[in-house]
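Structure below.
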């Protein structure tokens with residue numbers, strides 16, 4: 001190994017995800033190129049002009065003579081580097097003055113314990129001081145985390161993400177339990193396991209097996225929605241995560257690990273049925289089953305008589321100018337004369353769920369309670385805004401309704417019930433187990449709870465399938481709206497969606513309609529080519545056709561820019577996949593150039609460029625710093641942020657990119673302005689011009705475009721396609737291949753989630 005001092009003059013290339021860099025600089029007076037991993041680059045720090053001691057060796061390749069280093073230690077004064085390169089706006093002159101007057105040791109003590117003493121220096125005011133202190137703490141903690149994790153295979157980019165996720169306590173949390181790294185999006189169990197083993201955890205440690213069990217159960221819940229796993233399937237996944245072959249993990253060892261976890265109250269294990277679950281999921285599903293059974297019992301007095309309900313229906317029909325279907329009338333009669341406190345309204349696309357929601361609430365405001373005692377809620381901000389607008393009653397996200405306080409705490413709950421006598425939950429199929437549990441625990445015992453949803457939609461993101469499971473229970477009182485109301489003469493979208501829901505191919509789908517258009521871009525003779533061409537050549541042909549689909553899709557998007565008032569917001573592309581030529585990662589940058597070509601203040605990190613005016617999506621449920629929006633907020637120097645929950649799939653607009661403070665401000669439909677740091681790009685926010693259908697659940701857009709390719713074969717099923725089509729308010733454009741379209745229509749989704757609520761239960 002050779003050691004040399006290297007002063008960086010230019011960063012020729014930097015991969016912010018891995019920390020790999022190509023540097024130009026000087027060794028003594030000779031200009032050379034150095035290549036290797038430099039963790040400081042992953043923190044987005046400016047390293048030009050900084051001197052490092054590099055350890056490595058010289059090599060000659062097609063790029064010429066280079067120094068390949070495996071270790072880099074900063075030689076430049078760390079404190080001076082921090083003040084001039086990390087803290088923006090301080091400058092070399094003021095940094096030098098601070099070090100000269102106070103000395104390095106004293107200045108470090110002041111930064112740590114008495115930062116307010118720096119206010120006596122000209123050029124440092126409260127705002128700059130708070131930036132200096134925050135940067136100092138972040139840099140100190142990042143370096144501590146870097147020294148702890150980098151030797152164990154964690155890339156610099158993941159190191160920054162671990163810091164963003166765990167904050168100042170990152171090192172302590174990882175030392176206590178290295179498997180907590182799996183909580184970070186993109187870090188799997190095997191990566192965390194390698195770190196744990198390198199940190200000295202024994203290969204056969206009971207803690208390792210217990211951690212693997214918990215990870216398998218949590219991953220199954222968050223990624224696939226299962227609230228339990230059958231014992232045999234759990235064993236398969238356990239062996240896969242632990243890199244074990246059959247026979248290396250005895251049933252007795254796993255049984256002992258499960259027993260210990262059960263004793264700790266972390267796992268539920270039914271040896272008779274073989275169900276293994278995180279204990280919290282079992283508790284929540286048991287509570288929900290009991291709750292809905294109890295609220296469905298006929299033990300309350302009827303609201304009114306059948307005759308008065310009929311009179312009300314007649315008055316409403318006169319008011320709105322059309323007649324209700326028999327099922328719609330039945331939903332009113334059920335609530336009017338029923339003796340229960342929970343009812344369910346099911347309806348497919350075009351069957352009038354929203355109309356009936358409004359009518360039911362008007363009925364209850366007339367016969368059951370005051371209008372101000374009625375409230376609606378939904379999972380997303382867009383869904384709650386929609387039901388508020390169409391029903392005329394107040395509506396909130398569930399978190400806002402329950403007054404979320406941060407740290408998974410709510411103001412309303414079992415000890416402080418909601419002050420409403422009627423709660424209507426719209427888009428109920430979107431609500432996962434944890435949030436359903438929180439909501440019903442806050443509803444008063446005597447309150448009327450109405451669930452509205454489409455049973456054909458995709459299940460929620462996250463654990464459970466509460467609404468889907470409940471509608472299969474005999475004890476639940478429900479009305480299903482089946483009548484599809486007449487559309488305009490040349491409109492077929494609702495009709496087509498309902499045929500696809502049943503696994504049928506719509507007739508005449510090649511024709512052009514007011515609300516549906518199929519732009520065929522096929523690979524002629526595909527199945528014949530599949531028989532005669534080698535796989536490599538076939539892939540080339542598929543890719544060429546996918547490129548053609550992509551070009552037609554982009555041309556379609558461009559043609560709508562001049563026709564729409566808010567093009568980026570009103571035109572949405574939905575893709576079956578994240579990767580590939582027609583995936584979200586490829587289509588988003590291309591669509592960005594169409595919908596926001598003149599966006600200002602761009603920041604490019606981790607392969608993504610964000611600009612002011614861009615449409616972005618939040619990528620996981622997380623508490624964020626936020627403030628209620630007004631135009632004046634963007635002009636303030638100091639903003640008092642509060643904690644606000646932002647959900648996976650929420651779409652907003654970038655209002656401001658602040659390079660001085662390394663932050664991005666995004667406005668969401670619930671009228672909150674949310675603050676992100678530059679490090680959150682790709683980890684917490686991404687471009688949203690093209691979304692997966694799961695990300696788009698609960699939202700609607702005027703125009704939807706969907707690329708369909710035979711390359712999407714594994715992802716295409718009727719539930720996915722139905723959900724995608726029903727996101728459109730005005731028109732859907734399908735761009736792609738014939739076979740892919742027909743498969744998406746006829747491949748009936750039979751995916752089952754393992755949940756306790758789906759198991760048979762006794763009579764209520």
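Residue numbers (our numbering): 1 to 764.
Here a beta-carbon is modelled for each residue, glycine too, at the ideal position from N, C-alpha and C.
Between residue 392 and residue 669, how many whole angstroms is the CB-CB distance? I'm expecting something under 8 Å. Numbered from its first residue, the chain shown carries residue 392 at position 392. Numbered from its first residue, the chain shown carries residue 669 at position 669. Residue 392 to residue 669, Cβ: 19 Å. No contact.
Would you tell me roughly how many angstroms separate the C-alpha atoms of residue 94 and residue 121, rounded to the nearest one? In the chain shown, the residue the question calls residue 94 occupies position 94. In the chain shown, the residue the question calls residue 121 occupies position 121. The straight-line gap from Cα to Cα measures roughly 9 Å.
Roughly how many angstroms separate the alpha carbons of residue 369 and residue 362, rounded to a whole number? Reading the chain shown from its first residue, position 369 is the one you call residue 369. Reading the chain shown from its first residue, position 362 is the one you call residue 362. About 10 Å.
Looking at the structure shown, is residue 395 part of a helix, part of a strand, or coil, going by DSSP? Counting from one through the chain shown, the residue named residue 395 turns up at place 395. Strand.
So, under 8 Å CB-CB, residue 444 and residue 417 are touching, yes? Tell me the CB distance rounded to an integer number of Å. As a first step, residue 444 is located in the chain shown; it is residue number 444 there, counting from the start. As a first step, residue 417 is located in the chain shown; it is residue number 417 there, counting from the start. With a Cβ gap of about 4 Å, residue 444 and residue 417 count as contacting.
Assuming residue 303 contacts residue 336 (C-beta within less than 8 Å), just tell me the rounded distance between them. Here residue 303 refers to the residue found at position 303 of the chain shown. Here residue 336 refers to the residue found at position 336 of the chain shown. The Cβ separation is near 5 Å, so the contact holds.
Contact set for residue 547: own chain, Cβ-Cβ below 8 Å, skip 5 residues either direction: Here residue 547 refers to the residue found at position 547 when the chain shown is read from its first residue. Within the same chain, residue 547 has close Cβ partners 581.
Confirm, please, whether the CB-CB distance from residue 700 to residue 723 is below 8 Å. Reading the chain shown from its first residue, position 723 is the one you call residue 723. Reading the chain shown from its first residue, position 700 is the one you call residue 700. Contact: no.
As assigned by DSSP and simplified to three states, the class of residue 765: Outside the shown range of the chain, which is 1 to 764, sits residue 765, and nothing can be said about it.
Exposed or buried, what is residue 59 when buried is set at 16 or more other beta-carbons lying within 10 Å of its beta-carbon? Position 59 of the chain shown, counted from the first residue, corresponds to residue 59. Classification for residue 59: exposed.
Tell me the rounded alpha-carbon separation between residue 679 and residue 37. Working through the chain shown from its first residue, we reach residue 679 at position 679. Working through the chain shown from its first residue, we reach residue 37 at position 37. Near 19 Å, if we compare the C-alpha coordinates of residue 37 and residue 679.
Does the region 637-655 come into contact with the region 710-724, if we say contact requires no fewer than three beta-carbon pairs (one atom in each stretch) closer than 8 Å? no
Please go through the same chain and pick out, in chain order, the residues whose beta-carbon is closer than 8 Å to the beta-carbon of residue 201, but skip the five residues on each side of it. Walking along the chain shown from the start, residue 201 turns up at place 201. Same-chain partners within the cutoff: 178, 207 and 208.
May I ask you to verify whether the region 162-179 touches the region 105-124, counting CB pairs closer than 8 Å and requiring at least 3? no
Taking residue 736 as part of the beta strand (DSSP E), name the residues at either end of that continuous run. Residue 736 sits at position 736 when you count from the first residue of the chain shown. Note, residue 736: beta strand (DSSP E), 728-736.
Could you tell me the alpha carbon to alpha carbon distance between residue 489 and residue 301, rounded to whole angstroms? Residue 489 sits at position 489 when you count from the first residue of the chain shown. Residue 301 sits at position 301 when you count from the first residue of the chain shown. Roughly 46 Å separates the two Cα atoms.
Alpha carbons only, please: which of 11, 67, 71 and 552 is nearest the one belonging to residue 50? Position 50 of the chain shown, counted from the start, is the residue given in the question as residue 50. When each option's Cα is compared against that of residue 50, the closest is 11.
Look at residue 672 and residue 684 and say whether their C-beta atoms are less than 8 Å apart. In the chain shown, residue 672 corresponds to position 672, counting from 1. In the chain shown, residue 684 corresponds to position 684, counting from 1. Cβ atoms of residue 672 and residue 684: not closer than 8 Å.
Run through DSSP, which three-state label would residue 469 get? In the chain shown, the residue the question calls residue 469 occupies position 469. Reduced to three states, the DSSP call for residue 469 is helix.
Cβ shell of residue 594 (< 7 Å), same chain only, five flanking positions each side left out: For this step, residue 594 is matched to residue 594 along the chain shown. Once the five neighbours on either side are set aside, the close Cβ partners of residue 594 are 554, 557, 558 and 561.
With C-beta atoms as the reference, is residue 612 less than 8 Å away from residue 601? Against the chain shown, residue 612 aligns to sequence position 612. Against the chain shown, residue 601 aligns to sequence position 601. Yes.
Give the secondary structure of residue 58 by DSSP, where H, G and I count as helix, E and B as strand, and everything else as coil. Residue numbering aside, residue 58 sits at position 58 when the chain shown is read from its first letter. Reduced to three states, the DSSP call for residue 58 is strand.
The alpha helix (DSSP H) with residue 363 in it runs from where to where? Counting from 1 along the chain shown, the entry for residue 363 is found at position 363. Unbroken alpha helix (DSSP H) run through residue 363: 353-367.
Leaving out the 5 sequence neighbours to the left and right, which residues in its chain are closer than 7 Å to residue 319 when beta-carbon positions are compared? If you number the chain shown from 1, residue 319 lands on position 319. If we look at residue 319 and ignore the five residues flanking it on each side, it has no Cβ neighbours.
Do residue 573 and residue 396 have their beta-carbon atoms positioned less than 8 Å apart in this structure? Along the chain shown, one-based indexing puts residue 396 at 396. Along the chain shown, one-based indexing puts residue 573 at 573. Not a contact, by the Cβ cut-off of 8 Å.
Quick one: Cα of residue 181 to Cα of residue 149, how far? Numbered from 1 along the chain shown, position 181 holds the residue referred to as residue 181. Numbered from 1 along the chain shown, position 149 holds the residue referred to as residue 149. Cα-Cα distance, rounded: 11 Å.
Which residue from 355, 403, 371 and 408 puts its Cα closest to that of residue 390? Against the chain shown, residue 390 aligns to sequence position 390. It is 355 whose Cα lies nearest to the Cα of residue 390.
Apart from the five residues on each side of it in sequence, which residues of its chain come closer than 6 Å, Cβ to Cβ, to residue 509? As a first step, residue 509 is located in the chain shown; it is residue number 509 there, counting from the start. Excluding positions up to five away in sequence, the list reads 518.
Three-state secondary structure assigned by DSSP to residue 575: Position 575 of the chain shown, counted from the start, is the residue given in the question as residue 575. Three-state DSSP puts residue 575 in a strand.
Simplified DSSP state of residue 231, which is helix, strand or coil: Locating residue 231 in the chain shown gives position 231, counting from the first residue. The answer is helix: DSSP assigns residue 231 an H, G or I state.
So, is residue 147 buried or exposed, given that buried needs 16 or more other C-beta atoms within 10 angstroms? Along the chain shown, read from residue 1 onward, the residue named residue 147 stands at position 147. The residue in question, residue 147, is exposed, as its Cβ has fewer than 16 Cβ neighbours within 10 Å.
Cβ-Cβ distance between residue 693 and residue 516 below 8 Å: Here residue 693 corresponds to residue number 693 of the chain shown, with the count starting at 1. Here residue 516 corresponds to residue number 516 of the chain shown, with the count starting at 1. Not closer than 8 Å, so no.
Taking the alpha-carbon positions, what's the residue 754 to residue 296 distance? As a first step, residue 754 is located in the chain shown; it is residue number 754 there, counting from the start. As a first step, residue 296 is located in the chain shown; it is residue number 296 there, counting from the start. Going by the C-alpha atoms only, they are around 24 Å apart.
Provide the residue(s) that pair with residue 10 in DSSP beta bridges, ordered along the chain. Here residue 10 is taken as the residue at index 10 of the chain shown, counted from 1. 24.
Contact under 8 Å by Cβ, residue 331 with residue 426: The sequence position of residue 331 within the chain shown is 331, counting from 1. The sequence position of residue 426 within the chain shown is 426, counting from 1. Cβ atoms of residue 331 and residue 426: not closer than 8 Å.
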